[in-house]
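Peer 1: The structure that follows is given in the form of structure tokens.
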Amino acid sequence: MTERNADTAADGNRPVFAAELFPHRSLPRKGFKIMLALAGTFCLFYSIIFVTRGAWPIGIFFGADFFLLYGAFWLNYRSGRVREEVTVSRTNVSIRKFSPTGRMVEHDFNPFWTRFLVRRHSEIGVVSMHVRDRSHDTDVGSFLNPEDRESFAKAFKRALATVTQRI
Numbered sequence: 001m002t003e004r005n006a007d008t009a010a011d012g013n014r015p016v017f018a019a020e021l022f023p024h025r026s027l028p029r030k031g032f033k034i035m036l037a038l039a040g041t042f043c044l045f046y047s048i049i050f051v052t053r054g055a056w057p058i059g060i061f062f063g064a065d066f067f068l069l070y071g072a073f074w075l076n077y078r079s080g081r082v083r084e085e086v087t088v089s090r091t092n093v094s095i096r097k098f099s100p101t102g103r104m105v106e107h108d109f110n111p112f113w114t115r116f117l118v119r120r121h122s123e124i125g126v127v128s129m130h131v132r133d134r135s136h137d138t139d140v141g142s143f144l145n146p147e148d149r150e151s152f153a154k155a156f157k158r159a160l161a162t163v164t165q166r167i
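Take the sequence shown: its letter number 44 is residue 44 in UniProt numbering, and every next letter is one higher.
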């Protein structure tokens with residue numbers, strides 16, 4: 001009897017559902033390097049032309065444009081390091097959120113008290129998703145595109161229903 005309870009406890013901690021959510025980036029690193037090289041070549045070429053003709057302030061603006069473009073893409077890729085790990089087991093719903101700096105915040109919920117709230121818009125689809133229990137709540141997948149939100153919402157709702165049904 002004790003052995004059976006140990007097996008049941010081990011089964012209760014085994015994930016029924018696990019997902020790692022991360023934002024989609026349409027321009028891969030190689031494409032970023034190519035785009036940056038082309039923009040740098042363009043800015044350098046025209047900067048030299050304007051500086052040699054005596055319009056040196058325009059050369060400074062081309063340099064500033066290039067560094068602003070680089071900075072914008074650097075911030076974009078840095079924000080792309082955000083991710084969330086969502087696991088559902090019979091005893092726990094865990095949402096681990098990782099910031100771009102690597103800081104992790106974990107939210108744990110009892111699956112029997114957990115409510116999954118999905119807000120929809122008639123034209124867009126899923127607008128936001130929240131996991132809530134009696135004491136706290138958190139949003140999930142706020143950085144996902146509408147199609148990914150829809151598929152995650154269906155899978156998460158199905159997993160939550162699976163663990164909360166009586167055996």
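Using N, Cα and C, we set each Cβ at its ideal position, and we do this for glycine too.
1. Counting only runs that start and end within the stretch 20-93, where is the alpha helix (DSSP H) found for 4 or more residues in a row?
2. Might you give, ordered along the chain, the residues of its own chain that have their beta carbon closer than 7 Å to the beta carbon of Glu20, omitting 5 neighbours on each side?
3. In the structure shown, what three-state DSSP assignment does Ala6 receive?
4. Of the choices Glu123, Asp108, Val127, whose alpha-carbon is the least far from that of Leu117?
5. Cutting at 6 Å between CB atoms, please list the residues of its own chain near Pro28, excluding the five before and the five after it.
6. Quick one: Cα of Thr41 to Cα of Phe61, how far?
7. How is the beta strand (DSSP E) around Asp139 delimited, first residue to last?
8. Alpha carbon to alpha carbon, how far is Ala6 from Arg14?
Peer 2: Considering the structure as presented:
1. The qualifying runs are 29-52, 56-79.
2. For the purposes of this step, residue 20 is identified with residue 20 of the sequence shown, where counting begins at 1. Result list for Glu20: Arg83, Glu85, in chain order.
3. For the purposes of this step, residue 6 is taken as residue 6 along the sequence shown, with counting starting at 1. Residue confidence is low: Ala6 scores 37 on pLDDT, short of 50, so the model does not pin down where it sits. Its coordinate-derived value is still stated next. Three-state DSSP puts Ala6 in a helix.
4. In the sequence shown, residue 117 corresponds to position 117, counting from 1. Measuring from the Cα of Leu117, the nearest candidate turns out to be Val127.
5. Residue 28 sits at position 28 when you count from the first residue of the sequence shown. Answer for Pro28: no residue qualifies.
6. Taking the first residue of the sequence shown as 1, we reach residue 41 at position 41. Taking the first residue of the sequence shown as 1, we reach residue 61 at position 61. Our two residues, Thr41 and Phe61, have alpha carbons roughly 15 Å apart in a direct line.
7. To locate residue 139, count along the sequence shown from 1; it is residue 139. Asp139 -> beta strand (DSSP E) spans 137-139.
8. Position 6 of the sequence shown, counting from 1, holds the residue named residue 6. Position 14 of the sequence shown, counting from 1, holds the residue named residue 14. The pLDDT assigned to Ala6 is 37, lower than 50, so where the model puts this residue is not dependable, and the model offers no usable value.
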